[in-house]
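Worksheet: the structure to be examined is printed underneath.
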Ligand SMILES: [Zn+2]
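In our numbering, the protein residues as written are -17 to 330.
Here you go:
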């Protein structure tokens, strides 16, 4: 009991490295952000620079929280892309220049002198939603984030699952439509090629070019390149038929992928994050309809499908959950763990 209380009193630093912004926050053991700081990611200047700016953001977050770095127990960092988290390395991050094999944990640990742990950003958000958001009280949860692409995270039997090469995050590249649009990954008909940001916008543009009546074109003064998923969601809310159709089509493809994941992972709750998830019933109704029509052996009724709750905070609070979790495993050596920093040496 005392140990549990001590853990709650601890504070952590959560860092969320995004394609646009780096956010750092000091987070207490109950998920409250006590102070935070932002820096532009400047992805075009490279991942190493972003890591340096992350450490700077962390220092000013601590200052704003009125804390010294010595008072902070551990640092968690969420990074978009493929990682070797045990080594604290970014293998590749598509949004960043010069992102191949860039150390993340070591430079931050050296700058702050605090134990530092890294993980894929969607896995981090999954930890956050599981601990403090839509996945609270569930032991089996799958999460996806809808944005430029689709990322995924899974907690099964109460444990985060990342796969042998941490590939679960790449769930957006499962094939949904054999002859579907080509994807940046080299495959065809990937989930994210059908439901990612560009695919949503492209669907609206195609309908406009076919001459379908919609207020969307006027709203962007016929500069169709300025259409955004948020604008489509807003137009659907206003009753725009084309916007509603776009979301229904996207919702159907999302539903197919979600039904597949429900068959595979048997989650109790399926959490959908990312901006477009806020499109509400116009997206969720076609998703639910499709899942009900397709999920039978593991029935749709066994899984709640809900929007994420933490919004933009999921990255920072989730990174604090990562920090707390990994620190607990470091100080309890009995619980051998894949992310432990000195795990490589233990076999020698
Ligand atoms: Zn793909």
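Ideal placement from N, C-alpha and C gives every residue a C-beta, glycine not left out.
Closest Cα partner of residue i within the set the options
i, options, result
"residue 59", "294, 222 and -5", "-5"
"residue 63", "225, 25 and 54", "25"
"residue 305", "47, 96 and 78", "96"
"residue 89", "146, 138, 182 and 72", "72"
"residue 236", "206, 214, 267 and 220", "267"
"residue 99", "67, 113, 107 and 105", "67"
"residue 102", "127, 123 and 117", "127"
"residue 207", "219, 215 and 180", "180"
"residue 125", "78, 118 and 136", "136"
"residue 142", "121, 227, 159 and 214", "121"
"residue 255", "104, 87, 65 and 2", "104"
"residue 285", "250, 292 and 271", "250"
"residue 182", "158, 193 and 215", "215"
"residue 93", "123, 40 and 144", "40"
"residue 212", "15, 2, 186 and 172", "186"
"residue 303", "33, 114 and 28", "114"
"residue 28", "2, 15 and 91", "2"
"residue 147", "69, 241 and 170", "69"
"residue 297", "152, 106 and 290", "106"
"residue 275", "170, 239 and 32", "239"
Unbroken alpha helix (DSSP H) run spanning residue i, endpoints
i, result
"residue 235", "223 to 247"
"residue 41", "29 to 46"
"residue 212", "211 to 219"
"residue 279", "Per DSSP, residue 279 belongs to no alpha helix (DSSP H) and is neither H nor E."
"residue 125", "Run containing residue 125: none in the alpha helix (DSSP H); it sits in the beta strand (DSSP E), 123 to 128."
"residue 98", "Segment 98 to 102 is the beta strand (DSSP E) holding residue 98; no alpha helix (DSSP H) there."
"residue 300", "296 to 313"
"residue 186", "179 to 191"
"residue 68", "Neither: residue 68 is in no alpha helix (DSSP H) and is coded neither H nor E."
"residue 93", "87 to 94"
Own chain partners of residue i with C-beta closer than 6 Å, once the 5 adjacent residues on each side are dropped
i, result
"residue 174", "131, 132 and 154"
"residue 163", "175"
"residue 189", "224"
"residue 323", "Confidence at residue 323 is low in this model, with a pLDDT of 49, below 50, so its placement is unreliable and the value that follows should be read with caution. So the list is empty, once near-sequence residues are dropped."
"residue -8", "11 and 55"
"residue 21", "4, 35 and 39"
"residue 123", "112, 117, 137, 249 and 251"
Separation of residue j from residue i, as counted between CA atoms
i, j, result
"residue 80", "residue 150", "23 Å"
"residue 55", "residue 301", "13 Å"
"residue 0", "residue 288", "24 Å"
"residue 311", "residue 138", "19 Å"
"residue 13", "residue 222", "39 Å"
"residue 243", "residue 52", "43 Å"
"residue -3", "residue 258", "23 Å"
"residue 325", "residue 231", "With a pLDDT of 45 at residue 325, under the threshold of 50, the predicted position of this residue should be treated as unreliable, and no value is reported."
"residue 108", "residue 140", "12 Å"
"residue 308", "residue 200", "51 Å"
"residue 203", "residue 193", "15 Å"
"residue 30", "residue 299", "23 Å"
"residue 76", "residue 165", "13 Å"
"residue 65", "residue 168", "20 Å"
"residue 272", "residue 282", "10 Å"
"residue 314", "residue 119", "24 Å"
Cβ-based neighbour list, residue i, same chain, cut-off 8 Å, excluding 5 preceding and 5 following
i, result
"residue 17", "7, 8, 43, 44, 45, 46, 47, 48 and 49"
"residue 270", "237, 282 and 287"
"residue 61", "-1, 72, 75, 86, 100, 101, 102 and 103"
"residue 37", "89, 90, 93 and 94"
Residue range of the unbroken beta strand (DSSP E) whose run includes residue i
i, result
"residue 71", "71 to 74"
"residue 137", "132 to 138"
Contact set for residue i: own chain, Cβ-Cβ below 7 Å, skip 5 residues either direction
i, result
"residue 218", "225, 226, 229, 261 and 264"
"residue 74", "63, 64, 81 and 82"
"residue 295", "15"
Check: residue i C-beta below 7 Å from any heavy atom of ligand 3
i, result
"residue 228", "The ligand content of the structure shown is limited to ligand 1, which means ligand 3 is not among them."
Q. What does the shell around ligand 1 hold, if a residue joins when its beta-carbon is under 5 Å from any heavy atom?
A. 155, 165, 167, 169 and 172
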